[in-house]
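So that you can map any letter, position 273 of the sequence shown is 273 in full-length UniProt numbering, and since no number is skipped, the others follow by simple counting.
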Amino acid sequence: MTRDAMINTANGMISTSSSTANAQSPGLKTYFKTPEGRYKLHYEKTHPSGLLHYAHGKTVTQVTLAHLKDKPAPSTPTAPSSSFSASSGVRSAAARWLGSGNGSRALGFVGGNGGSKSISSTSRMGSLGASSLSNSMTNTNFDGKGTYLIFNVGDAIFISDLNSQDKDPIKSIHFSNSNPVCHAFDQEAKDGHDLLIGLNSGDVYSVSLRQQLQDVGKKLVGAQHYNKDGSVNNSRCTSIAWVPGGDGAFVVAHADGNMYVYEKNKDGAGDSSFSVIKDQTQFSVAHARYSKSNPIARWHVCQGSINSIAFSFDGSYLATVGRDGYLRVFDYSKEQLVCGGKSYYGALLCCAWSMDGKYILTGGEDDLVQVWSMEDRKVVAWGEGHNSWVSGVAFDSYWSSPNSDGTGETVMYRFGSVGQDTQLLLWDLEMDEIVVPLRRGPPGGSPTYSTGSQSSHWDNVCPLGTLQTAPSIRDVPKISPVVAHRVHTEPLSGLIFTQESVLTVCREGHIKIWMRPGVAESQSINSETVLSTSSKDKTLLSSKVGSSSYKQ
1 MTRDAMINTA NGMISTSSST ANAQSPGLKT YFKTPEGRYK LHYEKTHPSG
51 LLHYAHGKTV TQVTLAHLKD KPAPSTPTAP SSSFSASSGV RSAAARWLGS
101 GNGSRALGFV GGNGGSKSIS STSRMGSLGA SSLSNSMTNT NFDGKGTYLI
151 FNVGDAIFIS DLNSQDKDPI KSIHFSNSNP VCHAFDQEAK DGHDLLIGLN
201 SGDVYSVSLR QQLQDVGKKL VGAQHYNKDG SVNNSRCTSI AWVPGGDGAF
251 VVAHADGNMY VYEKNKDGAG DSSFSVIKDQ TQFSVAHARY SKSNPIARWH
301 VCQGSINSIA FSFDGSYLAT VGRDGYLRVF DYSKEQLVCG GKSYYGALLC
351 CAWSMDGKYI LTGGEDDLVQ VWSMEDRKVV AWGEGHNSWV SGVAFDSYWS
401 SPNSDGTGET VMYRFGSVGQ DTQLLLWDLE MDEIVVPLRR GPPGGSPTYS
451 TGSQSSHWDN VCPLGTLQTA PSIRDVPKIS PVVAHRVHTE PLSGLIFTQE
501 SVLTVCREGH IKIWMRPGVA ESQSINSETV LSTSSKDKTL LSSKVGSSSY
551 KQ
């Protein structure tokens, strides 16, 4: 995002002039070239320009992509809020309540991203109780269907309509006592609560995204509150993820090296006391003593902060990266450490899985993008190209290699990385070039893919649960980026691939949407098809930028 419409850091001046909204900073291009064509800057999203720079504190903006489907028919008696008719009178009243100057945006958000069906709110009331609904005007003719960007800046969560060209968000939620730092959306949530928000204070909330969009206030409504006032753990939340196929289970990682498993269907205030951690250097799992406890388990992962967590798409494995520089991969259901390894030096900051679960990307303070093979249980490639810390990594699951062998086996992967050097790098990882020379398989075996997920040969090389030291710089093949493009003026914090675009976000809360080659020409700008929802796409629609923990 450009800074000219935002804040001039040199003199602290704030420009709110709309004429500068689409101006580019000097030296930043509105497109970048790849072998398959040009990616073009389609539009930008940001927070309201009146938000002061110093209010952001130390929090870094992360983005979650959320796709709301058609709302199911209410199965419970309608809430009082449904008594409002979906008439123009309610719309204009909602516009007035949103405050002067916001009327047009309010109207856009009533009808912009879906129909205007009158639907009551059926999601379960949490600790805030039903009173929050009766006290606040609820915009019930807004069914919420559409695709949204959820991002945190300072003490607020902002929600933008991805399919709208409007730069400003349609909704802001403010937290009075602590800054939100991480969030996750559950594409497959069975009932109301589908959005998780973790705070700097350690507190965690679960809410219904649709219910937040229907409410015109600036506070969370219908929220369930966990780890209230840090009662279980008072260190900062660093990463949060729904368990794929976990029926409402979610995992919260903290800055003290602990990770907690919660169930959204249990009371957030359930008593949870865990046994004392005997050895801070060892991985251990403790379960809550009572059936009503929430969280239900504590995983002590490492000393120092867990910086990011990511589930494999099928939910079998959980990857964590930490301040100690280690990637750790756990068998989630067995609660076992499977494998892991160390960065070249410094902390690891981000991680992401390939769709097929074969590879994990990590990035961190050594300026490298590591490609970790689950089959070989080791680093198989280092991406060299960033000039500063790597803050976000993601595989592009929508990209298919031009030389695909037609067997359905992925022979080339495209992935992206962003860094504090303000650059977006795109990489192509070709399996036969990188992996095959590293194979020391049994004689006469296939030169490309060994049979079985982890062959006994590799178990001998690297026993289950072994954390490997950093490999020597000459032992790991190097790859170079296909594209290196400076996309923002500020250090970057994450990226997301969608079917139509790649999204980049900087730490200060500006988001750029780069349309893929051919997409911008073939689509009308305000088309609702910016994200289609075929079965393959669903896994990515709720992708979490930065930690890139995709949910199914």
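Don't be surprised by glycine CBs; every beta carbon is placed ideally from N, CA and C. These numbers were taken from a predicted model, which means no experiment stands behind them.
(1) Going by CA-CA distance only, name the one from Leu41, Gly37 and Cys182 that's closest to Thr30.
(2) Specify whether the segment 289-305 and the segment 417-433 touch according to this definition: at least 3 beta carbon pairs, one from each stretch, less than 8 Å apart.
(3) Tell me, which residues are paired with Gly304 by DSSP?
(4) Can you tell me whether Thr220 is helix, strand or coil according to DSSP?
(5) May I have the straight-line CA-CA distance separating His510 from Ala255, to the nearest angstrom?
(6) Taking the alpha-carbon positions, what's the Gly230 to Ser201 distance?
(7) Measure the beta-carbon distance from Thr422 to Leu368 and round it to whole angstroms, keeping in mind my assumption that it falls under 8 Å.
(8) Of the residues Gly257, Asn265, Asp267 and Tyr290, which one's Cα is nearest the Cα of Gln282?
(9) Tell me whether Val379 is buried or exposed, calling it buried when 16 or more other Cβ atoms sit within 10 Å of its Cβ.
(10) In this structure, how does DSSP classify Gly230 when only helix, strand and coil are distinguished?
(11) Leaving aside the five residues before and after Lys478 along the sequence, list all residues of the same chain whose C-beta is less than 6 Å from its C-beta, in chain order.
(12) Please look up how many angstroms separate the CB atoms of Ala394 and Ile513, rounded, as I've assumed it's under 8 Å.
(13) What residue does the alpha helix (DSSP H) around Arg210 start on, and which one ends it?
(14) Considering only DSSP beta bridges, list what Gly27 is partnered with.
(15) For my contact list, Val204 and Gln211 are in at a C-beta cut-off of 8 Å; report their separation, rounded to the angstrom.
(16) Considering only C-alpha positions, which residue in the set Ser272, Thr61, Trp299 and Ala352 is nearest to Glu335?
(17) Under DSSP, the beta strand (DSSP E) around Leu65 begins and ends at which residues?
(18) Okay, do the segment 179-192 and the segment 148-160 touch, 3+ Cβ pairs below 8 Å being the bar?
(19) Below 6 Å CB to CB, which residues in the same chain sit around Ser272 once its five sequence neighbours on both sides are set aside?
(20) Are the CB atoms of Gly357 and Val243 within a distance shorter than 8 Å?
(21) So which of Ser312, Tyr332 and Ser343 has the shortest CA-CA distance to Gly322?
(22) Within the continuous beta strand (DSSP E) that includes Lys358, where are the two ends?
(23) Figure out for me which residue from Asp70, Cys506 and Pro517 has the closest Cα to the Cα of residue 553.
(24) State the beta-bridge partners of Val329 as determined by DSSP.
(25) How about Asp428: is its C-beta nearer than 8 Å to some C-beta of chain B?
(26) Among the candidates Ala352, Leu65 and Ala310, whose CA atom is the shortest distance from the CA of Ser501?
(27) What three-state label does DSSP hand Val519 in the structure shown?
(28) State the Cα-Cα distance for the pair Asp331 and Val411, rounded to the nearest angstrom.
Looking at the atomic coordinates:
(1) Leu41
(2) Fewer than three beta-carbon pairs drawn from the segment 289-305 and the segment 417-433 are found closer than 8 Å, and the two stretches are therefore not classed as touching.
(3) Answer is none; Gly304 lacks a bridge partner.
(4) Per the sequence shown, the amino acid found at residue 220 is Leu instead of Thr. Reduced to three states, the DSSP call for Leu220 is coil.
(5) In a straight line, the C-alpha of His510 is about 25 Å away from that of Ala255.
(6) 7 Å
(7) At roughly 18 Å, the Cβ-Cβ gap does not stay under 8 Å, so Thr422 and Leu368 are not in contact.
(8) Gly257
(9) It counts as buried.
(10) helix
(11) Trp382 and Glu384
(12) At roughly 15 Å, the Cβ-Cβ gap does not stay under 8 Å, so Ala394 and Ile513 are not in contact.
(13) Leu209 to Gln214
(14) Paired residues: none, contrary to the question.
(15) So it is not a contact: roughly 17 Å between Cβ atoms.
(16) Trp299
(17) For Leu65, the enclosing beta strand (DSSP E) has its first and last residue at Val63 to Leu68.
(18) yes
(19) Val232, Ala288, Ser293 and Pro295
(20) No, they are not a contact pair.
(21) Ser343
(22) That residue, Lys358, is in no beta strand (DSSP E); it is neither H nor E in DSSP.
(23) The structure shown does not extend to residue 553, since the chain spans only 1 to 552, so no value can be given for it.
(24) Ala319 and Cys339
(25) Absent here is chain B; the protein component of the structure consists of one chain.
(26) Leu65
(27) helix
(28) 26 Å
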